[in-house]
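Residue numbers (the numbering used here): 147 to 376.
Positions of the beta carbon are idealized from the N, C-alpha and C atoms, including for glycine.
Keep in mind it's a predicted model, so treat the numbers as computed, not measured.
So, in structure tokens, the structure goes:
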């Protein structure tokens, strides 16, 4: 009877459009049955992050995830978020950060396309694409941090941050905003068409190298000058 109940539950999961992942205990994968459509629940991706143990990997499939609110990684250690080519993580609320990493250590994001669902061209959007608060040993690589995030990457009170091989574009306030941070490496990125390039306060050991930087505006720019077009 117990075995029959197990297979009955398994059948119901399959009918609901879920495919159970085949993975090690430290890996968790969520994907729709077709592999192309977003999951039925807009919170499923957040739940996946929450249920992945420290030291584990979140594998994001090729799908378009439209979220009502941004993703949060809080009080975690050594979590990898790996996105398949063609996946998109979009947030409907322009006042929300697409992903926020708080009080965490050893978090990495790779292969992600992160953006608000309906980007604005002017600075009317207050949510950032990636926000770090009191985080350390964070790596963002091979990803797109796309507007209308007010800021592509904002970091507050964080350390040992690496952003590499990314496209940071179309952000309506700054590409980068760094406050109270230490040991920040921005390397081999394309940073273009942002309203401003960078603002940095009370931070130490910031290194930018190998980046392609073009057509970013400045604080006093008018619509006729370089940078994100108003």
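In terms of residues, what are the limits of the alpha helix (DSSP H) holding residue 197?
190–197
Cβ atoms of residue 280 and residue 303: under 8 Å apart, would you say?
Contact: yes.
Residues in its own chain within less than 6 Å of residue 275 by CB, not counting five upstream and five downstream?
244, 260, 291, 295 and 298.
Considering Cα atoms alone, identify which of 286, 361, 257 and 253 is closest to residue 228.
Of the candidates 286, 361, 257 and 253, the one whose C-alpha sits nearest the C-alpha of residue 228 is 257.
Among 194, 216 and 293, which one has its Cα closest to the Cα of residue 206?
194
Could you check what DSSP says for residue 360 in three-state terms: helix, strand or coil?
strand
What residues are listed by DSSP as bridge partners for residue 281?
In the DSSP output, where bridge partners are listed per residue, residue 281 has none listed.
Please go through the region 301–362 and give each complete beta strand (DSSP E) segment of 3 or more residues, from N-terminal end onward.
305–310, 313–315, 320–325, 328–333, 336–338, 344–347, 350–355 and 358–360
Nearest to residue 246 by alpha carbon, out of 234, 219 and 314?
219
Work out the CA separation of residue 357 and residue 351 for me, nearest whole Å.
17 Å
Considering only C-alpha positions, which residue in the set 328, 320, 353 and 325 is nearest to residue 337?
320
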